[in-house]
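Scroll down for the structure; my scribbles are underneath it.
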Amino acid sequence: MQDRASGVLAALGTLLLLSGAAIAEEKGPIKMGVLEDQSGDFAVATIGKVHGIQLAADEINAAGGIDGRKLELDIYDTQSDNRRYQEFMRRVLQRDKVDVVFAGFSSASREAYRPIVDQFKGLAFYNNQYEGGVCDANMIVTGAVPEQQFSTLIPYMMEKFGKNVYTIAADYNFGQISAEWVRDIVKENGGTMAGEEFIPLGVSQFSQTIQNIQKAKPDFLVTLLVGTAQASYYEQAVSANLHVPMASSVNVGQGYEHKRFKPPSLANMYVTTNWIEEVDNPASKAFVEKWHKKFPDEPYINQEAENSYIAVYLYKQMVERAHSTDHDAIRKVIAEGDVCMDAPEGHVCIDPKSQHMSHTIYLAKVNEDHSISFPKVWDDIKPYWLGEVGCDLTKENPEAQYTPSDNPKKSGG
């Protein structure tokens, strides 16, 4: 009798497993739109993002998928063109009917597509370091933000080199708002701005800028240059015998200029990054090893590649906890405040108020021979600024971007 009961229970168990698999199959795959620049000015820094998503998706599918459903990628090359982002965002949300979108390198591209995500109530991950401030429940951000990068980097540089600071930045929303953060932090720490220049994207000649810096004689230079054209600055500066210490939140960590240019073009540059392939811990080493096994010709694995890989696993966790790809259900999971994972950089969590991610921040120094050392590491820096100025996506969704000079706290809201 007992054997018969055991047999019935085993059969019921098998039936439940089969029915669960059938339900998952009936629902079909989970569709992820991937809109990233695989050609154009930004491609050198963004192809790794696509590879990170592919690596994570392959691992997840090999392990049974998300809640038993395969993850299917719809990948589009946005060609470093904001119009392409708008075109393809409409396509993936309206025609392809994807469940989630991973999209964008530059802040200009993000702000080009974000109104479309809001219009169609989509869900988009932005896996890029940026100038901060996006308070939008339809966006999840895994990249580092100014309170994680500048609030650590600028005081360190001022203490080490001096308080007279010069900024050169790409002339669009990323560079302009980032420069505003730098100005504020320099002022708070008793420093002065020796100069500030905004360089249009695509500019590759810097003789006048170099002369301006030489004349100003700053203690250090903040470089917020973006794209392959603007990266020409470094070799031109060395040729002009300009050897001022440099600080950046984007260079090395995104465009791996220390690998692309001959020493000493990037020597004495200090960068705050949440991860680069030189990070020396067991989880990081294992990540680099499996990456190169799948992509043996990858020239460098940057912070955005790691962010993108992490983001797929965070999305998996959200869907499995919600038992749904419904955006409201996913936001309820985020609101619980414990969407976290152990990543190559260290432990990371999604902040429920801003839907931005905490990070370990590594201060990477480029040495004379372009090797990397890490003079300082800051553990578990949370993306606190948006919450402090009044963004709380668990309560309301303003679908806005705030800056240090334009936010609810400033306006008394």
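Quick note, the sequence shown lines up with residues 2 to 414 if you use the working numbering.
Cβ atoms here follow ideal geometry from the backbone N, Cα and C, with glycine treated the same way.
All values derive from a computational prediction rather than experimental measurement.
Buried or exposed (CB count within 10 angstroms, at least 16 for buried), residue i
i	result
THR193	exposed
LYS411	exposed
ASN282	exposed
ASP370	exposed
PHE207	buried
HIS357	buried
GLN402	buried
ARG96	exposed
ALA64	exposed
SER406	exposed
PRO353	buried
PRO116	exposed
PHE126	buried
THR273	buried
HIS244	exposed
HIS259	buried
GLN120	exposed
Which of helix, strand or coil DSSP assigns to residue i
i	result
GLY391	coil
VAL93	helix
HIS324	coil
LEU225	strand
LEU416	The shown model of the chain, from 2 to 414, leaves out residue 416, and the question about it has no answer.
ILE211	helix
ALA268	coil
VAL253	coil
SER40	coil
ILE24	With a pLDDT of only 49 at ILE24, under the threshold of 50, the placement of this residue in the model should not be trusted, and no figure is reported.
PRO283	helix
ILE61	helix
VAL102	strand
GLU198	strand
SER81	coil
GLY34	strand
LEU364	strand
ILE67	strand
Inter-residue spacing [alpha-carbon to alpha-carbon] between residue i and residue j
i	j	result
ALA99	SER325	As written in the sequence, residue 99 is Val, which differs from the Ala given in the question. In a straight line, the C-alpha of VAL99 is about 14 Å away from that of SER325.
LEU56	SER309	10 Å
THR210	LEU124	41 Å
ASN139	VAL101	10 Å
PHE199	GLN177	8 Å
GLU181	ILE48	29 Å
LYS333	ALA58	24 Å
VAL280	GLU346	8 Å
VAL251	ILE31	32 Å
ALA109	ASN174	7 Å
SER285	PHE296	16 Å
ALA22	ILE67	Residue placement at ALA22 is poorly supported in this model, since its pLDDT is 48, which falls under 50; the coordinates are not used for a value here.
GLN149	TRP379	9 Å
*Uninterrupted alpha helix (DSSP H) stretches inside the region 105 to 193 (no shorter than 4 residues)*: Listed in chain order, they are 108 to 120, 147 to 162 and 174 to 189.
_For a minimum of 3 consecutive residues, which ranges assigned as the beta strand (DSSP E) are wholly contained in the region 297 to 362?_
Residue ranges of uninterrupted beta strand (DSSP E) with 3 or more members, entirely inside the region 297 to 362 and ordered along the chain, are 341 to 344 and 347 to 350.
*Pair every Cβ in the region 44 to 56 with every Cβ in the region 293 to 304, then say whether three or more of these pairs are closer than 8 Å.*
Put simply, the region 44 to 56 touches the region 293 to 304. At least three CB pairs are less than 8 Å apart.
_Any 3 or more C-beta pairs closer than 8 Å across the region 277 to 293 and the region 389 to 403_ = No contact exists between the region 277 to 293 and the region 389 to 403.
*Inter-stretch contact (C-beta, 8 Å, three-pair minimum) for the region 67 to 76 and the region 34 to 49*: With the cut-off at 8 Å, the region 67 to 76 and the region 34 to 49 touch.
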